[in-house]
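The listed protein sequences derive, respectively, from chains U and Z. Per the working numbering, the very first residue in the first sequence carries number 2; after that it's consecutive. Per the working numbering, the very first residue in the second sequence carries number 2; after that it's consecutive. Glycine included, C-beta positions come from ideal geometry on N, C-alpha and C.
Number of protein chains: 2
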Amino acid sequence: MRPTIKDVARLANVSTATVSLSINGHARITKETKIKVEKAIKDLGYFPSRSARDLVSRKTGNIGFILTDGHFLKTEPFYTQIFLGTEFEARKHPYYILLATIPTNFKEEDELPRFILENSVDGILIAGRVSKIFLKKIMTYGLPTVMIDFHYSEKNHSAVLIDNMGGVSKATNALISRGHNNIAFLCAEHEHPSIQERYHGYKIALEKNSIPFSEQLIVSLDTIISTESGYDAAKELNKRGVDFSAVIACNDAMAIGAMQFFKETGKQIPEEISIIGFDDIEIDLYQDPPLSTISVPKIDMGQDAFQLMIEILEKRINNHKKIIVPVELILRDSVKTISKLS
Amino acid sequence: MRPTIKDVARLANVSTATVSLSINGHARITKETKIKVEKAIKDLGYFPSRSARDLVSRKTGNIGFILTDGHFLKTEPFYTQIFLGTEFEARKHPYYILLATIPTNFKEEDELPRFILENSVDGILIAGRVSKIFLKKIMTYGLPTVMIDFHYSEKNHSAVLIDNMGGVSKATNALISRGHNNIAFLCAEHEHPSIQERYHGYKIALEKNSIPFSEQLIVSLDTIISTESGYDAAKELNKRGVDFSAVIACNDAMAIGAMQFFKETGKQIPEEISIIGFDDIEIDLYQDPPLSTISVPKIDMGQDAFQLMIEILEKRINNHKKIIVPVELILRDSVKTISKLS
DNA sequence: AGACCTAAGTTAAACGTTTAACCAAAATCA
DNA sequence: TGATTTTGGTTAAACGTTTAACTTAGGTCT
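Written as structure tokens, this is what we have:
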């Protein structure tokens, strides 16, 4: 039988209340008592029972992490990494993370994750794009929520977001400063807020550098973002017969698909076409040439999201804070300097 | 305030014990009472409190999933997939999965996952290789355990294992039947049981096909399995100046490292060297040429492991069952036929 | 008819914490 | 000095279940 607080109390010759107060760092306890208690705890190998704690505190000690099937199954380690970040952070706090996936196309009749129905979480983290229907349904439970890498601007939630605009601006600037003037922009899922922000970052950068904007250089599909849509977008761009020396894809998957197309049509990368993606996923390194990208601090995002949750939970404030995490441009061999600007 | 069992009891005009017995399907309750209780539950939207239940039943409803840092951080989606498999299966049962990572090189003074210390799990799944020290330490808690893709043969545990021997035998046979007689075998971490099994599979296949075995074709490093060690192993093989037309690497990461080395030294794959890995991870497809491999059903393994756990937990039997999951050879462009055998 | 069993509930204790309310002794104050 | 405050603890209730032990009203035997 594992030791309980009573055993500790007995050994330390104090009451259970003293042990509890001591453990939880209450001011009322003197240093000496605390030491006595700590010794007893150590000697017995005592650890408080979670269920007993949860029962009295009316908390569950769990945080739910929700992701769409699509995002998890893609095995792009993108959201997996974010999940891991939350897990890392959760260890420092008295919480566990419970993972659940929901159908990508969540419908009215679909069931919410079991931990919601069973009331087994104190709050939820939602990563990536989810349907409005899902969001509406889950909001009826009134749980503290932090969204990650996605949010509906009209609904007010706490969120951890990527600096999409800044990232693509950086990429665009980098290309411009390396002599590229005709930079194509490939994207899909164009109604996705993040994609719009990325597109915006591209436009802003052109403007700032007084480079004329051309519709012809933009390929915006309404299919789902994927390697295939990257391939298709590159094909469409190619068909237009317009001049370009560089391509920015709205994420790495699309960039990789685009590279595939270009290679098939005999184009040399980066000699003829420079290319930059977004996300910084593992396989970028294994491309030929290695893909340049905007690196997103995925582990950090998970940690930030968890911290934000803790803030809401423990300080009882929910100010719908938004955290924008910075991104970093990583130039690899997929980008070539055409001519240095003086 | 969420309704409690008392509210249900009051509304249904019975005692809380009756409600409890009714919910848990005890025989003593008549159909009519049960219906009354169920109506009250529905009307109130009642859901039993997990912590209260756990406290009294001394169960937690959680299963711990333990992985080393190294294995998770590698972002090889290998163990991530296995984890997902357990999660999928857990949904069908009244359990949640709690994930924790431990230091790859777990030492005596390292702390066990928090959910162990806090007694928040009813059983544990351990995926991938863990140190003996860790295993010894965790076994003192006497928790039902299922190991995945690893086990110490001298300790008797339930486990879900890969058909390592069969897999490599298949690969070897496939190469032989395509005219390869000089097949190199590259591995690292040679004391790892799985690696030994794979090596064994290679030897057996040669024997069966009456192909002479040569020490010169075996590179067995004692470093950790990784892309780098694959690179190094290939280099070592190259240095020996021995003749070979095909290579089997003990996993995909090593195969990819080896391919890198061969490419750097100007060798054509598969024209000059055919190569096969093991695991079937996502990036195989993005290799140039796409890497042939032994495919492991990762999601299935997770599901199997969870089911095994349930069996142990609910049937109260622990027969130290071993499940060997079958593997499949996937031939992609990295393998070339030298000459058909008649 | 009386003894005994059975069926279907109920009562109350227990699980291991936290914490509001209480208390005694020591310190401080007027 | 006696009243009051502060300090450092203790007592006991409460959290929401489960379940062993008990009860009570009918039924069954002989």
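- Where leucine 342 (chain Z) falls, given that 16 or more other Cβ within 10 Å makes a residue buried: Note that leucine 342 (chain Z) scores a pLDDT of 45, beneath 50, so its modelled location is shaky; the value from the coordinates is reported in the next line. Leucine 342 (chain Z) counts as exposed, since fewer than 16 other C-beta atoms from the protein chains shown sit within 10 angstroms of its C-beta.
- Query: With DSSP run on the structure shown, which of helix, strand or coil describes isoleucine 339 (chain Z)?
  - Reply: Isoleucine 339 (chain Z) falls in the coil class under three-state DSSP.
- Taking phenylalanine 84 (chain Z) as part of the alpha helix (DSSP H), name the residues at either end of that continuous run. In this chain, the alpha helix (DSSP H) harbouring phenylalanine 84 (chain Z) covers 78-91.
- Message: Here's the rule: buried if 16 or more other CB atoms are within 10 angstroms of the residue's CB, otherwise exposed. What is tyrosine 142 (chain U)?
- Response: Under this definition tyrosine 142 (chain U) is an exposed residue.
- Query: Unbroken beta strand (DSSP E) runs of length 3 or more, entirely within the stretch 260-337 of chain Z: which are they?
  - Reply: Runs of the beta strand (DSSP E) inside the stretch 260-337 of chain Z: 275-277, 294-296, 323-326 and 329-331.
- Task: May I ask you to list the residues that DSSP assigns as paired with methionine 140 (chain U)?
- Result: DSSP lists no bridge partner for methionine 140 (chain U).
- Which bits of chain Z does alanine 306 (chain U) rub up against, with CB to CB less than 9 Å? Chain-ordered listing is empty here: chain Z has no CB closer than 9 Å to the CB of alanine 306 (chain U), the nearest sitting near 16 Å.
- Item | methionine 148 (chain U), DSSP secondary structure in three states | Collapsing the DSSP output to three states places methionine 148 (chain U) in a strand.
- Name the DSSP beta bridge partners of asparagine 63 (chain U), please? Looking at the DSSP output, asparagine 63 (chain U) bridges to U:Tyr97.
- Spatial distance of alanine 91 (chain U) from lysine 236 (chain U) (CA atoms): The alpha-carbon atoms of alanine 91 (chain U) and lysine 236 (chain U) are separated by roughly 45 Å.
- Whole angstroms is fine: what's the gap from isoleucine 226 (chain Z)'s alpha carbon to arginine 130 (chain U)'s? Near 36 Å, if we compare the C-alpha coordinates of arginine 130 (chain U) and isoleucine 226 (chain Z).
- Query: Considering only residues of the stretch 205-244 of chain U, which uninterrupted alpha helix (DSSP H) runs meet the minimum length of 4 residues and lie entirely inside it, listed in chain order?
  - Reply: Listed in chain order, the alpha helix (DSSP H) elements of length 4 or more contained wholly in the stretch 205-244 of chain U are 228-241.
- Item | Beta-carbon proximity of glycine 71 (chain U) to glutamine 304 (chain U), cut-off 7 Å | No. Outside cutoff.
- What does cysteine 251 (chain Z) pair with, by DSSP beta-bridge criteria? Cysteine 251 (chain Z) pairs with nothing; no bridge assigned.
- Item | Whether alanine 256 (chain Z) touches isoleucine 284 (chain Z) by CB criterion (7 Å) | Contact: no.
- Item | Residues that tyrosine 287 (chain Z) contacts on chain U, provided the C-beta gap is smaller than 8 Å | Correct list: Ile257, Ile284, Tyr287 and Gln288.
- Message: Residues in the same chain with beta-carbon distance under 7 Å from leucine 22 (chain U), minus the five sequence neighbours each way, listed in chain order, please.
- Response: Excluding residues within five positions, the ones whose Cβ falls inside 7 Å are Arg29 and Ile30.
- Query: Under 7 Å between the Cβ atoms of serine 121 (chain U) and asparagine 165 (chain U)?
  - Reply: Their beta carbons are not under 7 Å apart, which means serine 121 (chain U) does not touch asparagine 165 (chain U) by this criterion.
- Message: Counting only C-beta atoms, is phenylalanine 107 (chain Z) closer than 7 Å to chain U at any point?
- Response: False, the Cβ-Cβ gap to chain U never drops below 7 Å.
- Starting from serine 121 (chain U), find everything on chain Z with Cβ-Cβ shorter than 8 Å and list it in chain order. Within chain Z, the residues near serine 121 (chain U) are Arg51 and Tyr97.
- Query: How many angstroms separate the CA atom of phenylalanine 245 (chain Z) from the CA atom of asparagine 182 (chain Z)?
  - Reply: Phenylalanine 245 (chain Z) and asparagine 182 (chain Z): Cα-Cα distance of roughly 8 Å.
- Tell me, which residues are paired with serine 159 (chain Z) by DSSP? In the DSSP output, where bridge partners are listed per residue, serine 159 (chain Z) has Z:Val147.
- Query: Taking the alpha carbon of glutamate 312 (chain U) as the point to measure from, which residue in U:Leu207, U:Leu330 and U:Gly124 has its own alpha carbon closest?
  - Reply: With distances taken between Cα atoms, glutamate 312 (chain U) lies closest to U:Gly124.
- Message: Taking 7 Å as the threshold (C-beta atoms), are leucine 176 (chain U) and isoleucine 163 (chain U) in contact?
- Response: It is not a contact, given that the beta carbons lie outside the stated cut-off.
- Task: Taking alanine 189 (chain U) and aspartate 223 (chain U) to be in contact with their CB atoms under 8 Å, please state how far apart those CB atoms are, rounded to whole angstroms.
- Result: Right, their Cβ atoms sit about 7 Å apart.
- Message: Does any residue of chain Z have a CB that is nearer than 7 Å to the CB of leucine 56 (chain U)?
- Response: At least one chain Z Cβ lies under 7 Å of leucine 56 (chain U).
- Query: What's the call for methionine 302 (chain Z), buried or exposed, on a 16-neighbour Cβ count within 10 Å?
  - Reply: Its Cβ being crowded by 16 or more others within 10 Å, methionine 302 (chain Z) is buried.
- Name, please, each residue of chain U whose Cβ falls closer than 7 Å to the Cβ of leucine 118 (chain Z). Those within 7 Å of leucine 118 (chain Z) in chain U are Phe48.
- Item | Rounded distance between the beta-carbons of tyrosine 232 (chain U) and alanine 259 (chain U), thought under 8 Å | Confirmed, Cβ separation roughly 7 Å.
- Message: Below 8 Å on the Cβ atoms is my contact criterion, and I expect phenylalanine 279 (chain Z) with glycine 168 (chain Z) to pass it. Report the Cβ-Cβ distance as a whole number of Å.
- Response: In this structure, phenylalanine 279 (chain Z) and glycine 168 (chain Z) form a Cβ contact; the two beta carbons are roughly 6 Å apart against a cut-off of 8 Å.
- Item | lysine 35 (chain U) in three-state terms, based on DSSP | Of the three classes helix, strand and coil, the one that applies to lysine 35 (chain U) here is helix, per DSSP.
- Task: In the DSSP assignment, find the beta strand (DSSP E) that holds alanine 185 (chain U) and state where it starts and stops.
- Result: 184-188 is the span of the beta strand (DSSP E), which, as asked, contains alanine 185 (chain U).
- What are the boundary residues of the beta strand (DSSP E) that includes isoleucine 344 (chain Z)? In the structure as shown, chain Z starts at 2 and stops at 343, and residue 344 (chain Z) therefore has no counterpart that could be examined.
- Query: Exposed or buried, aspartate 111 (chain U), counting other C-beta atoms within 10 Å across all chains shown (16 or more means buried)?
  - Reply: Under this definition aspartate 111 (chain U) is an exposed residue.
- Task: Find the nearest neighbour of leucine 68 (chain U) within the set U:Ser340, U:Phe107 and U:Glu33, judged by alpha-carbon distance.
- Result: Nearest to leucine 68 (chain U) by alpha-carbon distance, out of U:Ser340, U:Phe107 and U:Glu33, is U:Phe107.
- Task: Spell out whether any CB of chain U is found under 7 Å from the CB atom of leucine 314 (chain Z).
- Result: No, leucine 314 (chain Z) lies away from the interface with chain U (no Cβ there is under 7 Å from its Cβ).
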